[in-house]
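See below for the structure under consideration.
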Amino acid sequence: MISFKLNGREVKADAPDDAPLLFVLNNDLGVNGAKFGCGKSQCGACTVLIEGEPARSCSIKVSSVAGRSVVTLAGLTENGKPSKLQQAFIDEQAAQCGYCTSGMIMQAQALLDRNPNPTDADVRSALNGNLCRCGSHNRVVRAVLRAAKEA
Amino acid sequence: MTVIPATDRRGFLKAAGSITLAFAIPAGDALAQAAALAGAKPKLPGDMETNRKLGSWLRIGADGAVTLLVGKVELGQGILTAVTQICADELDVDIGRVKLISGDTAQSPNEGTTAGSFSMPNCAPAVRQAAAEVRALLIEMAAAKTGKPAEGWTVADGAMSGPDGAKASYWELASGLSLEREATGAVKPKNPADYKYVGKEFPRLDFPGKFTGQAMFVQELRPEGLLFGQVVRPPTYKAKLTALDTSAAEKMPGVVKVVKNGSFVGVVAQREEQAVAAAAALAAAAKWEVEKALPTSDGIFDWLQKTKPAKVIETKKQPRNGGDPAVKTLEATYFRPYHMHGSIGTSAAVAVLGADGVMTIDTHSQSVFETSEAIAMMLGVDKSKVRCRHVQGSGCYGHNMADDAAADAALLAAAVPGRPVKLQYTREQEHRWEPYGSAMVIKTKAGVDKDGNVLDWDLELFSTPHGTRPGSHAGNLLSARYLEKPFEMPTPQNGGPPNYAADRNGIALYDFPGHNVLTNFITDMPVRVSSTRGLGAYANVFAIESFMDELARAAGVDPIQYRLRHLKDPRGRDVIAKAAETFGWDKWQKKDGRGRGIGFAKYKNIAGYCAVALEVEVNKRNGRVRVVRAVAAADSGHLVNPDGVRNQIEGGLIQSLSWTLKEEVKFDDTRVTSEDWVTYPILTFADVPPVEVVLIDRPGAPFLGTGEAAQGPTGAALANAVADATGVRFRRGPFTPERVKAGLTA
Chain A
1 MISFKLNGRE VKADAPDDAP LLFVLNNDLG VNGAKFGCGK SQCGACTVLI
51 EGEPARSCSI KVSSVAGRSV VTLAGLTENG KPSKLQQAFI DEQAAQCGYC
101 TSGMIMQAQA LLDRNPNPTD ADVRSALNGN LCRCGSHNRV VRAVLRAAKE
151 A
Chain B
1 MTVIPATDRR GFLKAAGSIT LAFAIPAGDA LAQAAALAGA KPKLPGDMET
51 NRKLGSWLRI GADGAVTLLV GKVELGQGIL TAVTQICADE LDVDIGRVKL
101 ISGDTAQSPN EGTTAGSFSM PNCAPAVRQA AAEVRALLIE MAAAKTGKPA
151 EGWTVADGAM SGPDGAKASY WELASGLSLE REATGAVKPK NPADYKYVGK
201 EFPRLDFPGK FTGQAMFVQE LRPEGLLFGQ VVRPPTYKAK LTALDTSAAE
251 KMPGVVKVVK NGSFVGVVAQ REEQAVAAAA ALAAAAKWEV EKALPTSDGI
301 FDWLQKTKPA KVIETKKQPR NGGDPAVKTL EATYFRPYHM HGSIGTSAAV
351 AVLGADGVMT IDTHSQSVFE TSEAIAMMLG VDKSKVRCRH VQGSGCYGHN
401 MADDAAADAA LLAAAVPGRP VKLQYTREQE HRWEPYGSAM VIKTKAGVDK
451 DGNVLDWDLE LFSTPHGTRP GSHAGNLLSA RYLEKPFEMP TPQNGGPPNY
501 AADRNGIALY DFPGHNVLTN FITDMPVRVS STRGLGAYAN VFAIESFMDE
551 LARAAGVDPI QYRLRHLKDP RGRDVIAKAA ETFGWDKWQK KDGRGRGIGF
601 AKYKNIAGYC AVALEVEVNK RNGRVRVVRA VAAADSGHLV NPDGVRNQIE
651 GGLIQSLSWT LKEEVKFDDT RVTSEDWVTY PILTFADVPP VEVVLIDRPG
701 APFLGTGEAA QGPTGAALAN AVADATGVRF RRGPFTPERV KAGLTA
């Protein structure tokens, strides 16, 4: 049994120590958002925040988050409403299929937490490890810059 | 089945200030009445012609619910938002009321496959007509009930106001409304000017859920009692399993069942990581007979030109009728490597075999109807025993492994009746086994007059198939070919006019006096291939538009002027001019290492127009090509959702830059070696240039499909810009630094 803080709430998961965090989030704890894309930390679709830092949950053993804080896409919402960053993604219509978006938003949140006023180049650099196949990159960058401006 | 949650309308309005929406609707169908008079069934718009009952498209509930049923599915292209806009407008209801069911073989109208940029031309007009007719029926009922004439009624969100203060509502009439009747085609839809949602700024309905962590994707389904499946793929395409001891895997933690059927191997386990581990153990234990039969990714272009085609097709034969002989003849050959769909999410499905013997599969297939029949054939059951429901997946950009995942989930679920099984492929499986966009070779030849204008144009292309979709046949499902009683893959056909396939856009839109197109259609497939965004159009437009640039250069004419000399189509001329103007073509100043290029096509010669102009910087020392900026001008007819069109054009442009700059499926003589994002890199944030998309709206004109319009023009514009920057013509993608550097020093 592994205990950790998920989106501010203490949770327990009855999962093998070496199970990937992503599978435990998805299958044991019913968390959406973080998605399987490659299983090799190459695409960023599974990104969550661990102690505020972006991490690829497909390649992290669940045991390594015991006692730590994990935040997923739903954890960013405020009283059930989209956060500023999430709203900025809606306002900029910053996706097509939206499969990679959860990872993008988590990665971008980590950037904004560290650097509240990023430049276009800062955003591109922070998101360079998050792959998008639909070609929504420029909209994503605009969404992150909008969220920073409106913060 | 995709259900879009009703979202609160204030959210839309708040967001509306910054967003436009597009896609295209023309006005009413007058063909109907004449046909009815003749006693024939009236011609109905779009896919309503084959799904004629109003109840196939709409349900009105006494509880105030409006349910729209469509057979087309959401692939990230925004189609469901666009048809919901149309439905709400024609029916005069608040858009928040409209609940959508799409792609459920047990409920939705059969609209075939969601592909080929056909959803706006075929689904949207059907939805418009269904909503207009249902509204008219409800008004007739209200008139009868209140004893007032049927003329002069208005409707606001289902509340009806008639002559002399008469009142009624959709919801009180709903119980008496029978939609088990065919559409008449006689009701005229609204004037486009009266639309409230169509053509206006309108945000995607599925984004709030996707951006806040609601379950929106097939990968996020978690039915009660869920088990997890994985499959073991052979090491090579034609490998045969010679031995497999399953006993060790069967004893692994959580393993519920190992499934072995011929050379198909899979496993079902309690937990996902247990299924992954057991599949790895099975893969390690399996013994295979493998073949070395591939021509290699470097040898494929020779192979294409040397292999006997199954068919040689005269796609166009128009010899020049007299006149002077050409002064000069120019020739060039262009090459397109295999490209991957490269979905970010690997393909997935959830299947369960019910007590009633029905296999129900939640799938992100583009072709739920035909795929359910193919799976029934594979399972050896009646087609009524397989139900597919569309649930969104990662963007697919054509026929990826969605259908294979549905089939594999069904094979595994059949082994554990009553228990739902979820399967999601590994990255390596998706990369190595998906059906790629075919490699192609295109030879062009032009005889020109003394001013360099084209007199005789010849294009000859060599390609393997571009369509191996399930098409109701088990042999098109990957795993079905490896079963103990294998299903043989049917020989693929090349699609004919007006859409074409390998030769899609093989016929240039230009008005050449002599114009021949010859298609060498090869049905041998050394690697697996199928429909990839644009089919042959990407390579054909790449070749045509590259060659036009070469001809312009040889003639000493500006490439835009050169194109306009050869093009009569006024809407084509308009998008080229618009792209040039937006780019600032006339003001552009040449700098060292910089170049500009243009590319143009009307997709399929019957869908959306698109011209792309872009600027590159080429580092001559290391061969690196950087796209500095890009503009696209597009004409998709009447725009339903302008931002949807912009999003599709910009996304297609960026994806095509990725194909052209970076992508090539690599394989040796045995196996595909592009197996992840390191061995098959795609464009990333740092590489993506600013993109400006400008739209030409044509209110009242037919909707033209847009999703694939940017692919060809972008690739060609890039090649032309690199040639402009370096003076060297690159005719084979991708334009990697190594290839460009080698070309510059050759």
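Chains as they are written, first to last, in full-length UniProt numbering: chain A, 1 to 151; chain B, 1 to 746.
Beta carbons are placed, not taken as given, at the ideal position from N, Cα and C, and that holds for glycine.
Check                                                                                                                  : Outcome
Start-end ranges of the beta strand (DSSP E) lying completely within the region 193-271 of chain B, minimum 3 residues : 227-232, 240-243, 255-261 and 264-269
Distance, Thr113 of chain B Cα to Val73 of chain B Cα                                                                  : 9 Å
Stretch pair the region 61-75 of chain A + the region 87-95 of chain A: three plus CB contacts closer than 8 Å         : no
Meets three-Cβ-pair contact criterion under 8 Å: the region 100-110 of chain A and the region 202-213 of chain B       : yes
Beta-carbon neighbours of Ile682 of chain B, restricted to chain A and to distances below 8 Å                          : Leu131 and Arg133
For Phe301 of chain B, the three-state DSSP class (helix, strand or coil)                                              : helix
Any chain B beta carbon closer than 8 Å to Pro118 of chain A                                                           : no
Where Glu370 of chain B falls, given that 16 or more other Cβ within 10 Å makes a residue buried                       : buried
Beta-carbon proximity check, Asp569 of chain B vs Leu509 of chain B, cutoff 8 Å                                        : yes
is_contact[Ala74 of chain A, chain B] using C-beta, thresh 8 Å                                                         : yes
Buried or exposed by the 16-neighbour rule on C-beta atoms within 10 Å, applied to Pro319 of chain B                   : exposed
Opposing strand residues paired with Gly597 of chain B [DSSP bridges]                                                  : B:Leu614
Nearest residue (CA-CA) to residue 753 of chain B, options A:Leu127, A:Pro16, A:Thr77 and A:Ala34                      : Here chain B comprises residues numbered 1 to 746, so residue 753 of chain B is not present and cannot be evaluated.
Length of the line joining the Cα atoms of Asp28 of chain A and Ala15 of chain A                                       : 8 Å
Under 9 Å by beta carbon: chain A residues contacting Leu551 of chain B                                                : Ordered by position in chain A, no residue passes the 9 Å Cβ test against Leu551 of chain B, which lies about 30 Å from the chain.
Beta-carbon gap between Arg629 of chain B and Pro690 of chain B smaller than 8 Å                                       : yes
C-alpha distance - Pro42 of chain B paired with His566 of chain B, whole-angstrom precision                            : 41 Å
CB contact check: Asn647 of chain B to chain A, cutoff 8 Å                                                             : yes
Neighbourhood of Ala248 of chain B by C-beta, 7 Å cutoff - its chain only, sequence neighbours within 5 removed        : Ala281 and Ala285
Nearest candidate by alpha-carbon position, reference Gly595 of chain B, set B:Val728, B:Val267 and B:Thr246           : B:Val728
Residue-level contact to chain B via CB, Ala147 of chain A, 8 Å cutoff                                                 : no
CB contact flag (Cys396 of chain B, Leu75 of chain B, <8 Å)                                                            : yes
Nearest-angstrom Cα separation, counted from Asp404 of chain B out to Leu478 of chain B                                : 6 Å
As assigned by DSSP and simplified to three states, the class of Trp585 of chain B                                     : coil
Residue-level contact to chain A via CB, Leu205 of chain B, 8 Å cutoff                                                 : no
Interface flag, Cys38 of chain A vs chain B, CB-CB below 8 Å                                                           : yes
C-beta neighbour in chain A for Thr673 of chain B, strict 8 Å                                                          : no
Cβ distance (whole Å) where Gln85 of chain B is taken to contact Val640 of chain B below 8 Å                           : 6 Å
Buried versus exposed, by CB contacts within 10 Å (16 or more), Asp63 of chain B                                       : exposed
CB-CB length for Val631 of chain B against Ala686 of chain B, believed under 8 Å                                       : The pair is not a contact, with the Cβ atoms about 20 Å apart (cut-off 8 Å).
Segment limits, beta strand (DSSP E) that includes Tyr334 of chain B                                                   : Lys328 to Arg336
Test: Asp643 of chain B CB closer than 8 Å to a CB of chain A                                                          : yes
Gly103 of chain A in three-state terms, based on DSSP                                                                  : helix
Euclidean distance between Cα positions of Lys149 of chain A and His137 of chain A                                     : 18 Å
Spatial distance of Gly229 of chain B from Glu10 of chain A (CA atoms)                                                 : 30 Å
Reduced DSSP category for Gly437 of chain B - H, G, I as helix; E, B as strand; rest coil                              : strand
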